[in-house]
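So in the working numbering, spot 9 of the sequence shown is number 50, and the numbers just go up one at a time.
Take a look at the structure below.
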Amino acid sequence: MLKVPVLLDDMNDSAATAYSASPERFFILGADGKVAYAGERGPFGVDIDALEARLKELLVETWSSQ
């Protein structure tokens with residue numbers, strides 16, 4: 042089973058402020074808790090293909106190390 046932790050921001054926007062996530066921004070955290078992918082500010086800087094490719098890379102890395 043694949044477990045995917047998700048970070049939700051609080052009502053004070055602490056995560057959005059810490060990651061400069063306004064107006065929108067996608068981040069992927071690796072298994073080590075470090076940023077493995079940081080997307081550009083959206084909506085026009087969002088590159089879904091790059092996001093998907095990085096997710097696939099990380100999944101392969103995770104599954105091959107088990």
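Heads up, the beta-carbon is just placed ideally off N, CA and C, and yes, glycines get one too.
Being a predicted model, the structure only gives us computed values, none of them experimental.
Are the beta-carbon atoms belonging to residue i and residue j less than 8 Å from one another?
i          : j          : result
residue 62 : residue 71 : no
residue 66 : residue 83 : yes
Can you give the Cα-Cα distance for residue i and residue j, rounded to whole angstroms?
i           : j           : result
residue 57  : residue 106 : 32 Å
residue 45  : residue 54  : 22 Å
residue 88  : residue 80  : 7 Å
residue 104 : residue 52  : 35 Å
residue 97  : residue 90  : 11 Å
residue 48  : residue 74  : 11 Å
Taking 7 Å as the cut-off, does the CB of residue i come closer than this to any heavy atom belonging to the ligand GTP?
i          : result
residue 55 : Because no ligand of any kind appears in the structure shown, any question about the ligand GTP cannot be addressed here.
Can you list, in chain order, the residues of its chain with a C-beta nearer than 7 Å to that of residue i? Leave out the 5 residues immediately preceding and following it.
i          : result
residue 60 : 66 and 68
residue 99 : 69, 71 and 77
### Message
Quick check on the DSSP output: what are the complete alpha helix (DSSP H) runs of length 4 or more inside the segment 42-94, in order along the chain?
### Response
Those alpha helix (DSSP H) runs which fall completely within the segment 42-94 and span 4+ residues are 55-59.
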